[in-house]
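Peer 1: Okay, handing you the structure first.
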Amino acid sequence: MKECIECKSKNIRFERARKLFVCKNCGFAISLSEYYKLIEKTNEKQSKSREQQRMELYKWLISKKE
Numbered sequence: 118m119k120e121c122i123e124c125k126s127k128n129i130r131f132e133r134a135r136k137l138f139v140c141k142n143c144g145f146a147i148s149l150s151e152y153y154k155l156i157e158k159t160n161e162k163q164s165k166s167r168e169q170q171r172m173e174l175y176k177w178l179i180s181k182k183e
């Protein structure tokens, strides 16, 4: 994971014990399995514009968070 989905910070660490990517800046965490699902979802949508992809991924993440 290169940057936080929430705050765009590059201060990300991977916690092996809990298998989570955690942002040190805002505290946002995403599990390894959810991260791989995001990658798959992104790969399926290669033809769409970058901005459109970001908005859809952000909306999808918010729905998963709730």
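Numbering (the numbering used here), first residue to last: 118 to 183. A virtual CB, placed ideally from N, CA and C, is assigned to each residue, including glycine.
1) Can you tell me whether cysteine 124 is buried or exposed, with buried defined as 16 or more other CB within 10 angstroms of its CB?
2) For glutamate 132, which of helix, strand or coil comes out of DSSP?
3) Please state the DSSP three-state secondary structure of serine 180.
4) Straight-line CA distance for asparagine 142 to lysine 119?
5) Taking a contact to mean a Cβ-Cβ separation below 8 Å, would you say leucine 178 touches isoleucine 129 in this structure?
Peer 2: Once the coordinates are examined:
1) The residue given as residue 124 occupies position 7 in the sequence shown. Only exposed fits cysteine 124, as fewer than 16 other CB atoms lie within 10 angstroms of its CB.
2) Reading the sequence shown from its first residue, position 15 is the one you call residue 132. The three-state reading of DSSP puts glutamate 132 in strand, counting E and B together.
3) Taking the sequence shown and counting its residues from 1, the one referred to as residue 180 is at position 63. Three-state result, serine 180: helix.
4) For the purposes of this step, residue 142 is taken as residue 25 along the sequence shown, with counting starting at 1. For the purposes of this step, residue 119 is taken as residue 2 along the sequence shown, with counting starting at 1. Each residue's Cα considered, the two are about 14 Å apart.
5) In the sequence shown, counting from the first residue as 1, residue 178 sits at position 61. In the sequence shown, counting from the first residue as 1, residue 129 sits at position 12. Taking 8 Å as the cut-off, the Cβ atoms of leucine 178 and isoleucine 129 do not count as close.
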